[in-house]
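One structure is given here, and the rest of the page talks about it.
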Amino acid sequence: MKRIARHTVLVFLPPLLSMMLIVGCSPAPAPEQQPNGARKVILFIGDGFGATQVSLGIQYARLVEHRELNIDAIMQDGNTGYSLTIAFGNIVTDSAAAATQMATGQLARNDMLGLDPDGYPLETILEWADKRGLGTGLVTNARITHATPGGFALHQSSRYNSETALMDDLLQDGDVDVLLGGGARALAPAGSWVSEMLPGIPGDLDGESEREDARYRVEDLEDMGYAVASDSSSLREAASGATKVLGLFSASAMPYVIDRQNLSAEGVPTLVEMTTAAIDVLSRHDEGFFMLVEGGSIDYAGHANDAGAMLHEILELDEAVGVALEFQKDNPDTLVIVTGDHGTGGFAFTDGYFGPIPDQLLDSGVVYQPEWSYPTTEHLEILFRQSASYSYILEQAGLDPERLIEQVRTHTGLEMTLDEARAALVRDKDGQPGTEDFRRYRDDPDDAASALLAHHLSRHSFVVWSTGEHTSDPVPTYGRGPGAEKLRGIYPNTHVYSVMRESLEAGIDQ
Ligand SMILES: [Zn+2]
172 MKRIARHTVL
182 VFLPPLLSMM
192 LIVGCSPAPA
202 PEQQPNGARK
212 VILFIGDGFG
222 ATQVSLGIQY
232 ARLVEHRELN
242 IDAIMQDGNT
252 GYSLTIAFGN
262 IVTDSAAAAT
272 QMATGQLARN
282 DMLGLDPDGY
292 PLETILEWAD
302 KRGLGTGLVT
312 NARITHATPG
322 GFALHQSSRY
332 NSETALMDDL
342 LQDGDVDVLL
352 GGGARALAPA
362 GSWVSEMLPG
372 IPGDLDGESE
382 REDARYRVED
392 LEDMGYAVAS
402 DSSSLREAAS
412 GATKVLGLFS
422 ASAMPYVIDR
432 QNLSAEGVPT
442 LVEMTTAAID
452 VLSRHDEGFF
462 MLVEGGSIDY
472 AGHANDAGAM
482 LHEILELDEA
492 VGVALEFQKD
502 NPDTLVIVTG
512 DHGTGGFAFT
522 DGYFGPIPDQ
532 LLDSGVVYQP
542 EWSYPTTEHL
552 EILFRQSASY
562 SYILEQAGLD
572 PERLIEQVRT
582 HTGLEMTLDE
592 ARAALVRDKD
602 GQPGTEDFRR
612 YRDDPDDAAS
622 ALLAHHLSRH
632 SFVVWSTGEH
642 TSDPVPTYGR
652 GPGAEKLRGI
662 YPNTHVYSVM
672 RESLEAGIDQ
C-alpha cells in the first residue's frame, strides 16, 4: 500500500526530481516493516576477530571466490563502526573482560567474569533478558564455560577458576535455555570419560572428567528441563521440539574446521549447525530471546599463528552469521550484531625482497621492473587449501624434518627446504621450541612450535605475525535490524551492551 501511495505522489513531481527519488528509494523496506525495537537479539563475537582477521575473510571471498561474505554485506549497509577494546586499567583486553564489558556495559578487569572492578556481581544482558521472560542461549565452539560465554552468564573472580566451579555456576539456576559447545569434562561424573555420559562424542574429542563428584547425570539435566545432545543427529532431534537444550560435543574445545576430518569428527555439529539449532529452539520462546554465538577458534588459530586454520574459522563464523541474517529477514524484530573481542596474533600479509623478479614489457612499451615480491590471490588460495592445522601437522611429523616436509606438502601444498624444516623443529635444551621471542609473551609449547613453523613458512606464505597473544587494535562492529544504526562510529566495547539493551527495551515494551 505504502509503495503505491509513494509512487502516486511522484507522478506530480517535476520529471528530473522524480527520477532522482525513484533511483534513490527502491531498496528500503516499507516503514511499517521496521519495528522500533528488537524482541530478539543475536550477538556474534568472533574471538580474536580483529580488523586484520576480518579483512582476511573479506579479501579471500572477494578475490578468490568472487563473492561477498555476510559480514561484508552487513558492513555495506553502513551500520558499521569500531569498538575500542580497552579493559579496566589495561589497553589490551582478554576475552573475559571484553565479554563482561559487552554483556554488562561496565568496565571490567582482565580475567574476571561478570564482576565489576571491585568484585561485585553485575547483571548481564542475558540475565536481564531472562528476568523479562525472554529465552536465552549461549553457543560456542570453545568450552561452554570459556571466557566469552562466561562473561554473559558467570560471576567469577577468575576465568581460570576450576572448570567444575564455572560449570556449576553456569547451571545453578538452569536459566540459560540453550547451551551448545564444548567442555563436557566439567559435567561428566568424577572418574568417568565424557563419552560415557554423552555417547555422541568421538574418540579424538573424548576425555576424562575434571570433576571430583557425580553431581550431574543425564536424568538430572532432563529434570532441569534440558533435552540433552552430544552429536549432530541428537542435536537436530532435540532442536525439533524442545524449549531448552544442553548440547556438549567435546571434552574440551571443539576441533578446528580443517581438522574435523583428520579427527574423525564429522558427526560433531559445526558452528552453523549449532546456530541453526539454537535459533530453532529459542524461536519457541514467544516473548523473544537473547543469544550469543562465539566463534572461539579464530582466537586459538591466532594464538598458534596458524593463518590457514584461522581463515576457515572466519568463513565458518560468517556462515553462521548467514543463518541469523536469513532468520532476520523473516523476523525483522531481530537485531543481529557481529563484533570481535580483540585481535589475536597481529596477523598480516606482507611483502619482501626475495631476489630479482623478471621484468615485464607492458602493452605501452613501458618496462615494469618490480623490486619487491608481493602476495597475490594465490597466497589467499594457499591458506584456503590448507587441510590440517599446524598443530595436527606437527603432531604427525614429530621431530623428523623429512616427515615435516611431507606433512606440509600434503596439507598446505608448500615445499619447504630441508634447512627450513630443520629450523622449524629446533628445540632448546629443555625440549622447548626455539622461539624465545614468541615464548616471552606466550608460554605455551604447542603454540610456540606452531609459531615457529609459521615463521619458517612465511617466505612461501607472505604471512607474518607479531605475537602469540592479544593485540590492542579496535575491532570492526556492525549489525542489521532495529537499533543497528547506533553501531556507527567508534566507541568503547561497552557500547555494544547499550545498543542491545536499548533496542530490547523499545521492542519488548511495545
Ligand atoms: Zn585469546
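Numbers 172 to 681, taken from our numbering, label the letters of the sequence shown in order. Idealized CB from N, CA, C, for every residue including glycine.
Between which two residues does the alpha helix (DSSP H) containing residue i stretch?
{"i": "residue 443", "result": "442-453"}
{"i": "residue 698", "result": "Lying outside 172 to 681, the shown extent of the chain, residue 698 is not represented and no answer is given."}
{"i": "residue 464", "result": "No alpha helix (DSSP H) holds residue 464; the beta strand (DSSP E) holding it covers 460-466."}
{"i": "residue 391", "result": "389-394"}
{"i": "residue 271", "result": "266-275"}
{"i": "residue 298", "result": "296-302"}
{"i": "residue 262", "result": "Taken as a continuous stretch (DSSP letters only), residue 262 belongs to no alpha helix (DSSP H), as it is neither H nor E."}
{"i": "residue 248", "result": "241-248"}
{"i": "residue 292", "result": "From DSSP, residue 292 is part of no alpha helix (DSSP H); its letter is neither H nor E."}
{"i": "residue 626", "result": "616-632"}
{"i": "residue 337", "result": "334-342"}
Considering just the uninterrupted stretch of the beta strand (DSSP E) at residue i, what are its terminal residues?
{"i": "residue 231", "result": "From DSSP, residue 231 is part of no beta strand (DSSP E) but of the alpha helix (DSSP H) over 222-234."}
{"i": "residue 646", "result": "646-651"}
{"i": "residue 255", "result": "251-255"}
{"i": "residue 313", "result": "306-314"}
{"i": "residue 211", "result": "211-217"}
{"i": "residue 350", "result": "349-353"}
{"i": "residue 661", "result": "660-663"}
My guess is that residue i and residue j are in contact by the Cβ rule of under 8 Å, so how many angstroms apart are they, rounded?
{"i": "residue 308", "j": "residue 449", "result": "5 Å"}
{"i": "residue 353", "j": "residue 419", "result": "7 Å"}
{"i": "residue 329", "j": "residue 283", "result": "7 Å"}
{"i": "residue 348", "j": "residue 453", "result": "7 Å"}
{"i": "residue 650", "j": "residue 673", "result": "No, residue 650 and residue 673 are not in contact; Cβ-Cβ is about 13 Å, not under 8 Å."}
{"i": "residue 240", "j": "residue 259", "result": "Not confirmed; about 33 Å, so no contact."}
{"i": "residue 491", "j": "residue 220", "result": "Not confirmed; about 12 Å, so no contact."}
{"i": "residue 604", "j": "residue 598", "result": "6 Å"}
{"i": "residue 504", "j": "residue 206", "result": "4 Å"}
{"i": "residue 575", "j": "residue 592", "result": "5 Å"}
{"i": "residue 555", "j": "residue 623", "result": "Not quite, the Cβ-Cβ distance comes to about 23 Å (not below 8 Å), so this is no contact."}
Among the options, which has the Cα closest to the Cα of residue i?
{"i": "residue 468", "options": "504, 507, 428", "result": "428"}
{"i": "residue 636", "options": "662, 657, 606, 645", "result": "606"}
{"i": "residue 322", "options": "313, 269, 290", "result": "269"}
{"i": "residue 663", "options": "253, 387, 225, 267", "result": "253"}
{"i": "residue 443", "options": "281, 310, 367", "result": "310"}
{"i": "residue 422", "options": "314, 249, 304, 351", "result": "314"}
{"i": "residue 553", "options": "477, 263, 296", "result": "477"}
{"i": "residue 405", "options": "656, 445, 374", "result": "445"}
{"i": "residue 326", "options": "409, 460, 341", "result": "341"}
{"i": "residue 387", "options": "410, 408, 546, 345", "result": "345"}
{"i": "residue 700", "options": "359, 407, 364", "result": "Because the chain spans 172 through 681 in this model, residue 700 falls outside it and cannot be assessed."}
{"i": "residue 368", "options": "499, 640, 392, 383", "result": "392"}
{"i": "residue 668", "options": "463, 441, 621, 515", "result": "463"}
{"i": "residue 546", "options": "523, 561, 588, 502", "result": "523"}
{"i": "residue 383", "options": "506, 338, 679, 415", "result": "338"}
- request: Let me know the beta strand (DSSP E) ranges lying completely inside the segment 495-559, each 3 residues or longer, listed in chain order.
  value: 505-511
- request: Would you list, in sequence order, the uninterrupted alpha helix (DSSP H) runs of no fewer than 4 residues that lie entirely inside the segment 397-447?
  value: 403-410
task: Could you name the residues whose beta carbon sits closer than 6 Å to any heavy atom belonging to ligand 1, keeping them in chain order?
output: 219, 266, 470, 474, 515, 641
message: In chain order, what are the residue ranges of uninterrupted alpha helix (DSSP H) at least 4 long that sit wholly in the segment 548-612?
response: 548-556, 561-568, 572-583, 589-595, 607-610
message: Quick check for students: name the residue ranges of the alpha helix (DSSP H) that lie wholly in the segment 355-388, counting only runs of 4 or more.
response: 365-368
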